[in-house]
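Worksheet for the structure shown next.
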Amino acid sequence: MIHALLLTAAGSSVRMGGTKKEYLTVRQESTGTVSVLSSSLYAFLATGLFSRILITVPKNGETEARKILAADGRLDTLSRAHNINLLFAEGGSSRQESVRIGLERLALDSERLNMQPDTVLIHDAARPWVSDRLIREVLETTLLRGAAVPGVSPVDTEKEIDRSGKIIRHLERSRIVCVQTPQGFRFSGLLSAHRMAATDGKTYTDDAEIWGCYAGDVYTIDGDRENKKITYPGDV
1 MIHALLLTAA GSSVRMGGTK KEYLTVRQES TGTVSVLSSS LYAFLATGLF
51 SRILITVPKN GETEARKILA ADGRLDTLSR AHNINLLFAE GGSSRQESVR
101 IGLERLALDS ERLNMQPDTV LIHDAARPWV SDRLIREVLE TTLLRGAAVP
151 GVSPVDTEKE IDRSGKIIRH LERSRIVCVQ TPQGFRFSGL LSAHRMAATD
201 GKTYTDDAEI WGCYAGDVYT IDGDRENKKI TYPGDV
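As structure tokens, then:
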């Protein structure tokens, strides 16, 4: 089977003060200091499971992204070992649009190679601490169920509020999960769902919501609290 990875790194990092968070550095115990982007990519390359990999980048951002990745020699070694040619696609005005653009590019390239992916995992590049265990379990459950996402139970008690800030519903914490990435899906189903979502005028928070609206059920697996997303300067 053919498994694809779509790594999202096209955002503007507004909450980081405009600093591109995927290009910041983090310290890993085994390798020392590496970029957030290369750390995320390495985790997936190291599994040896993915033969198609695409990274979404800002407009005119491919050269800079390639330069950032080239600084980590491990990536070239693994890419060559698994015969992977990294693809890049300029993102759109939202994460939703960027993912759809990436899926369309993967589909187009797959037609040329006559090898459409069976599955695709969507991962925020700003989650550099994703584990091998999590990647494998998301993929395994995707193959079994069609769509899978990791989730962790909330630490805080969550409430639903109206526009004025008034609490209108007290949510049952035991029935709530905080969803992470990678999120896994059957490739053809997710591409079709994204195409329909692009024309309905709605804004979706993640790919699981799009799949749930247009393709079917989404199942959760145990997430990982170490799989944090870098959002603010203090997260690094």
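Numbering-wise, my numbering puts 159 at position 159 of the sequence shown, and it's gapless, one number per residue. All C-beta atoms, glycine included, are put in the ideal place defined by N, C-alpha and C.
- Around the beta carbon of PRO233, fewer than 16 other beta carbons sit within 10 angstroms, so the residue counts as exposed.
- According to the DSSP assignment, ARG169 belongs to the beta strand (DSSP E) that extends over 167-170.
- Counting of Cβ neighbours within 10 angstroms places LYS20 among the buried residues, the total reaching 16 or more.
- Apart from sequence neighbours up to five positions away, the residues of its chain that approach TRP129 with a beta-carbon distance below 7 Å are GLU226, ASN227, LYS228, ordered along the chain.
- Residue environment: VAL218 is assigned as buried (16 or more neighbouring CB atoms within 10 Å of its CB, all protein chains considered).
- The stretch 72-85 and the stretch 111-121 do not touch, with fewer than 3 CB-CB distances between them shorter than 8 Å.
- The stretch 125-144 and the stretch 36-46 touch, with three or more beta-carbon pairs separated by less than 8 Å.
- Under the three-state reduction of DSSP output, HIS3 falls in the strand class.
- Residues of the same chain with a CB within less than 8 Å of the CB of GLY151, apart from the 5 flanking positions on each side, are VAL177, CYS178, VAL179, GLN180, THR220, ILE221, ASP222, GLY223 in chain order.
- Excluding residues up to 5 positions away in sequence, LEU103, ALA107 lie with their Cβ nearer than 7 Å to the Cβ of LEU191 in the same chain.
- Of the candidates ILE101, ASP72, GLY32, the residue whose Cα lies closest to the Cα of LEU6 is ILE101.
- In the structure shown, SER35 falls within a strand segment according to DSSP collapsed to helix, strand and coil.
- The DSSP-derived three-state label of VAL152 is strand.
- Only exposed fits HIS170, as fewer than 16 other CB atoms lie within 10 angstroms of its CB.
- In the three-state reduction of the DSSP assignment, ALA70 falls in the helix class, which pools H, G and I.
- DSSP places PHE44 in the helix class (H, G or I) of the three-state scheme.
- ASP206 carries a coil assignment under DSSP once its states are collapsed to helix, strand and coil.
- Distance from the Cα of GLY92 is smallest, within the candidate group GLY73, MET1, ILE55, ARG186, for ILE55.
- Comparing alpha-carbon positions, the option among THR141, SER174, SER12, LEU86 lying closest to SER94 turns out to be SER12.
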